[in-house]
Structure formats: C-alpha cells, structure tokens
Amino acid sequence: MAFLRRGSRPSSGTPFRGTNLVGNLEVSRGVVTVGLVLGLAGTIAALVIPVQLFGEARRNDQLSSQVTAMNGQTTPVGFVDDGEGVQIKDSGPLTAVDRDFVRRVMLAGLWEVPAGTKAKSAGTTDAVKTAGEHMVAGHQALNLSVQTTAQILGIDKMPKEANPDQKNWLAQIMSAPPEKFDRTFVQLARSAHGMIFDVLAFTRTGTKNSRIRALADQADEIVRDHMKVLENTGLWNS
Ligand SMILES: [Fe+2]
13 MAFLRRGSRP
23 SSGTPFRGTN
33 LVGNLEVSRG
43 VVTVGLVLGL
53 AGTIAALVIP
63 VQLFGEARRN
73 DQLSSQVTAM
83 NGQTTPVGFV
93 DDGEGVQIKD
103 SGPLTAVDRD
113 FVRRVMLAGL
123 WEVPAGTKAK
133 SAGTTDAVKT
143 AGEHMVAGHQ
153 ALNLSVQTTA
163 QILGIDKMPK
173 EANPDQKNWL
183 AQIMSAPPEK
193 FDRTFVQLAR
203 SAHGMIFDVL
213 AFTRTGTKNS
223 RIRALADQAD
233 EIVRDHMKVL
243 ENTGLWNS
C-alpha cells in the first residue's frame, strides 16, 4: 500500500510508474550519499594535500638555497674578504673564501702548536699529554701543506701570529695553575676545533680548486683526530 500511496502523487498514479519513483528516490539518496562522501573526501584532500605539497616545496626551496649558497660561495661566519676576487689558477678558480680558508688553517697552527707543546709538558694525565702531542704533530704537518699551497697558488697576506682570540686562549692555558690546567686546555682547544668544522665543511663543499679541496681534506682529517684525542681525556663535559 505504501507503494500505491507513493505512486498516487504523480498524475499518472500507476503502480509501474510508482515503482520508478521509489527507485528514483532510492537512486537519489544514493547519489546524495555518494556526493556527500566525495565532497567530504575532497575537502579532506584539499586540506591535507596542499599542506604536504607546500611543506615539501618549502623544504626543497631551503635545500636549493643552501646549494645556491654553497655554489655561490656565500661567506661563512668570520670570513674576511681580501678584495682580490676570483683568480684563475691551473688547479681551478680560486675565490676569496678559498684564500680565507688557507689563512685560517695557518692561524690554527699558530696557536695550537704552542698550546699542544705546553700540554705535553704540563698535562697531568697521559690522555692530555697525548692530545698535546697530536696537536703539535698535526699542525706541524698541516703548516707545511698550507705554506706549500699558499706558495703555489700565490696567496699572500698569510698570518704571522695568532689572532687576539687565540692569544687570549693561549694566555689562559699558559697561566692556568696545575690543578686547572688539563680542563682549561681541553675545553678551549675543543671549542676552537668546533669552530673550524663549519669552515672546513663549507670550503670543501664549495671550492672548485683541486689544491684547496686537497688541503681541506687533510685539515678535516687532522681536526677530527684532534677532537677525538681531546674527548679521550674525559674532560670535554666537566
Ligand atoms: Fe687542531
């Protein structure tokens, strides 16, 4: 009966047409339900997908900027521009960042050799004495490489003495009383080596000069060794 009542509303009023109407109503409900589901899914997709895409795009932009900075030789912290621009050498273009790196490696040797020498004699443990030995040996070898590199590449204005910060560190180490010597030496030396890591990574990644890359490779090995022997003292976190 319900079937007939439904069918009676249209002017035709026949059971056959009533069947179509019910079918149409059911189909309509299905369409509405499917539409709602699709609409809801579309809304969720619209909210989620752009966030993921924009997040990915932003990350890619950051990576792209970093690569551009590397290739464009954007300056590392503490960089000093000598104003001599890019010079063309047999081993590749030589930039102000490359030359600054060579001068900085030289500077490291100018304070680490005397500091390491002091640690060899004043250190109160074998580990501190060993750290001093590694610092002296490493920078004596590195100094030779730096001087050779500077000579071949025609890099002038090489530092002849430690900079003010390094002189201050040396003064603290040289004047430290015996009971404070080990800790003073290890912590100052470790901090200084931490600073050079950024410069090394930047130079090695950005340089297009094979001699600079070779020097950065050697320096990287030595800096890591020095960090390791300093940490072997056990005083790095005291
Ligand atoms: Fe060192």
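So the sequence shown is numbered by our numbering: it starts at 13 and just counts up by one. Idealized CB from N, CA, C, for every residue including glycine.
The alpha helix (DSSP H) enclosing residue i, as first and last residue numbers
| i | result |
| --- | --- |
| L165 | D138 to L165 |
| K179 | P176 to S187 |
| D210 | P190 to G218 |
| K240 | S222 to E243 |
CB contact flag (residue i, residue j, <8 Å)
| i | j | result |
| --- | --- | --- |
| F197 | A127 | yes |
| H205 | V235 | yes |
| M207 | N155 | no |
| L122 | E173 | yes |
| T215 | F113 | yes |
| Q230 | S133 | no |
| M186 | K101 | no |
Cβ shell of residue i (< 8 Å), same chain only, five flanking positions each side left out
| i | result |
| --- | --- |
| G135 | K141, A143, G144, F193, D194 and F197 |
| E233 | none |
| E96 | A108 and R111 |
Segment limits, beta strand (DSSP E) that includes residue i
| i | result |
| --- | --- |
| G104 | G104 to L106 |
| K101 | Q99 to K101 |
Inter-residue CB distance, residue i and residue j (contact presumed, cutoff 8 Å)
| i | j | result |
| --- | --- | --- |
| G246 | A139 | 7 Å |
| H146 | D237 | 6 Å |
| T137 | R223 | With 8 Å as the limit, T137 and R223 do not qualify as a contact, their Cβ atoms being about 39 Å apart. |
| R115 | M170 | 6 Å |
Nonlocal neighbours in the same chain, by C-beta distance under 7 Å from residue i, ignoring five residues either side
| i | result |
| --- | --- |
| A53 | The predicted position of A53 is uncertain, since its pLDDT is 49 and thus under 50; no value can be drawn from it. |
| L212 | A228, A231, D232 and V235 |
Own chain residues within Cβ distance below 6 Å of residue i, not counting five before or after
| i | result |
| --- | --- |
| M239 | H205 |
| T219 | D110 and R225 |
| T248 | The question names Thr, but residue 248 in the sequence shown is Trp. Closer than 6 Å at Cβ, skipping near neighbours: R202. |
| W181 | L200 |
| A183 | none |
| P105 | V98 and K220 |
| E243 | none |
| A188 | T196 |
| V148 | V125, G128 and T129 |
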